[in-house]
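J.: Dumping the structure here so I can ask a few things about it.
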Amino acid sequence: MSEEEGSTIEFNKVLMISNGKDSKIGNPYLENAKVTAKLISHGKHDKIRVFKMKRRKDYRRTYGHRQKYSEITIESINS
Numbered sequence: 013m014s015e016e017e018g019s020t021i022e023f024n025k026v027l028m029i030s031n032g033k034d035s036k037i038g039n040p041y042l043e044n045a046k047v048t049a050k051l052i053s054h055g056k057h058d059k060i061r062v063f064k065m066k067r068r069k070d071y072r073r074t075y076g077h078r079q080k081y082s083e084i085t086i087e088s089i090n091s
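Using this note's numbering, the letters of the sequence shown correspond one by one to residues 13 to 91.
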C-alpha cells in the first residue's frame, strides 16, 4: 500500500459481511458496502529459508524470502 501510516483507508469492494446470525454474500461484490480502516504500520515478516536438494546429484540451493505486509485496524463496516 502506498498510503502513509496513520491514514484512513476505505475498501469499497466487499465480498461478504456477517454479524454472526445473518450473512450477506456479493455477486461478485456487495453494493453500497464499505469498510473503513486505519493503517497502523508497514513492515516485513521474518525471513523464511527455502532449501532445494536432489539426492546423490550434489544439487543444493538455498534462498530466503521476506514478505511485506501492512497492518490495519478495522474501524467500521457499513452495508
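We treat Cβ as the ideally placed atom computed from N, Cα and C, and that holds for glycine.
Quick check on the DSSP output: the beta strand (DSSP E) that includes TYR75 runs from which residue to which?
T.: For the purposes of this step, residue 75 is identified with residue 63 of the sequence shown, where counting begins at 1. For TYR75, the enclosing beta strand (DSSP E) begins and ends at 71-77.
J.: Please go through the same chain and pick out, in chain order, the residues whose beta-carbon is closer than 6 Å to the beta-carbon of SER19, but skip the five residues on each side of it.
T.: Here residue 19 corresponds to residue number 7 of the sequence shown, with the count starting at 1. Excluding residues within five positions, the ones whose Cβ falls inside 6 Å are LEU51.
J.: Cα separation between ASP34 and MET28?
T.: Within the sequence shown, numbered from 1, the residue matching residue 34 stands at position 22. Within the sequence shown, numbered from 1, the residue matching residue 28 stands at position 16. Cα to Cα, the separation comes out at about 11 Å.
J.: Is GLU16 close to chain B? Criterion is C-beta to C-beta, closer than 9 Å.
T.: In the displayed structure, chain B is absent; only one protein chain is listed.
J.: Which of the three DSSP states, helix, strand or coil, is assigned to SER41?
T.: Start at 1 with the first residue of the sequence shown, and residue 41 comes out as number 29. The amino acid at residue 41 is misidentified as Ser; the sequence shows Tyr. TYR41 falls in the coil class under three-state DSSP.
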